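>
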Amino acid sequence: MNEADIKDIIVRKMRPGDLKEVLAIEKVSFPTPWSENMFLEELYSPICYDFVATSDGEVVGYIDFLTVLDEIHLQNIAVREDRKRRKIASKLLGEMFRISSEKGINWCSLEVRKSNYAAITIYKKFGFVISGTKSCYYSDTREDALIMRAAIGKTVLTPISHLS
10 MNEADIKDII VRKMRPGDLK EVLAIEKVSF PTPWSENMFL EELYSPICYD FVATSDGEVV
70 GYIDFLTVLD EIHLQNIAVR EDRKRRKIAS KLLGEMFRIS SEKGINWCSL EVRKSNYAAI
130 TIYKKFGFVI SGTKSCYYSD TREDALIMRA AIGKTVLTPI SHLS
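Throughout the sequence shown, residue numbering follows this note's numbering, covering 10 to 173 in sequence.
1. Among the residues of its own chain, which have a CB less than 6 Å from the CB of L102, if the five just before and after it don't count?
2. Count the other CB atoms, across all protein chains shown, that sit within 10 Å of the CB of I156; report buried if there are 16 or more and exposed otherwise.
3. Locate the beta strand (DSSP E) running through M23, then write down its first and last residues.
4. Who pairs with L83 in a beta bridge, going by DSSP?
5. Would you call the region 40-48 and the region 91-100 touching, i.e. three or more CB-CB distances under 8 Å?
6. Quick check: the Cα distance between V68 and S140, rounded to an integer number of angstroms?
7. To the nearest angstrom, report how far apart P55 and T76 are at their CA atoms.
8. State buried or exposed for C117, treating a residue as buried only when at least 16 other CB atoms are found within 10 Å of its CB.
9. Short of 6 Å in beta carbon distance, which residues of its chain neighbour L119, apart from the five on each side in sequence? Order them along the chain.
10. Specify the secondary structure class of S99 as computed by DSSP and reduced to three states.
11. Leaving out five residues on either side along the sequence, give the residues of the same chain with a beta carbon under 8 Å from the beta carbon of E152.
12. Quick check on F135: does DSSP put it in helix, strand or coil?
13. Three-state secondary structure (DSSP) at R92?
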């Protein structure tokens, strides 16, 4: 797949039948992967949104986010290892922002491992800035999480200088 093939990526709502492929991506993407039941709870929650990116019918990435009042919180995003660095995550994030705008939501937040430079770079391209940290947030390594926020629309956030 080259960059021109990003047009062939289809983003659609996740279905229970996608979970086998989603779980395979999840297990290689995260040290403490979500379980099938966790994904099922998200799929049937009225405040959660779950989408997959597909190529030739295969799931190559997914995103999970929820709405809380006037904010979207990105909970989970991953791309299949052999499809990384091909703008699939950007396409999934674009869908999240599209839905946010449709619903009149003004903010998006997330937590990311401090060491996950690739994800932080993508988030910054989408206008996320570091707004704080959660010390020892990840139970497996006690690594800190960076809290990132993005304004949806015209508001611009200023990063906290000592964290940037």
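From the three backbone atoms N, C-alpha and C, an ideal C-beta is built for every residue, glycine too.
On a predicted model such as this, the values are computed, not experimentally measured, just so you know.
Per the coordinate set shown:
1. To locate residue 102, count along the sequence shown from 1; it is residue 93. Apart from the 5 residues on each side of it in sequence, L102 sits with its Cβ closer than 6 Å to the Cβ of F135 in its chain, given in chain order.
2. What you label residue 156 is simply residue 147 of the sequence shown in a count that begins at 1. Burial call: buried.
3. For the purposes of this step, residue 23 is identified with residue 14 of the sequence shown, where counting begins at 1. Segment: none, M23 is in no beta strand (DSSP E) and carries neither H nor E.
4. By one-based count along the sequence shown, residue 83 stands at place 74. Answer is F74 and L119.
5. no
6. Taking the first residue of the sequence shown as position 1, residue 68 is located at position 59. Taking the first residue of the sequence shown as position 1, residue 140 is located at position 131. Taking the straight line joining both Cα atoms gives about 32 Å.
7. Counting from 1 along the sequence shown, the entry for residue 55 is found at position 46. Counting from 1 along the sequence shown, the entry for residue 76 is found at position 67. Going from the Cα of P55 to the Cα of T76 covers about 9 Å.
8. Here residue 117 refers to the residue found at position 108 when the sequence shown is read from its first residue. Under this definition C117 is a buried residue.
9. Looking up residue 119 in the sequence shown gives position 110. Here the set comprises L83 and M157.
10. On the sequence shown, residue 99 is found 90 positions in, with the first residue counted as 1. When DSSP states are grouped into helix, strand and coil, S99 belongs to the helix group.
11. On the sequence shown, position 143 is the one that residue 152 refers to. Contacts found: R122, K123, S124, C145 and Y146.
12. If you number the sequence shown from 1, residue 135 lands on position 126. Residue state, collapsed to three classes: coil.
13. Here residue 92 is taken as the residue at index 83 of the sequence shown, counted from 1. If DSSP states are grouped into helix, strand and coil, R92 belongs with the helices.
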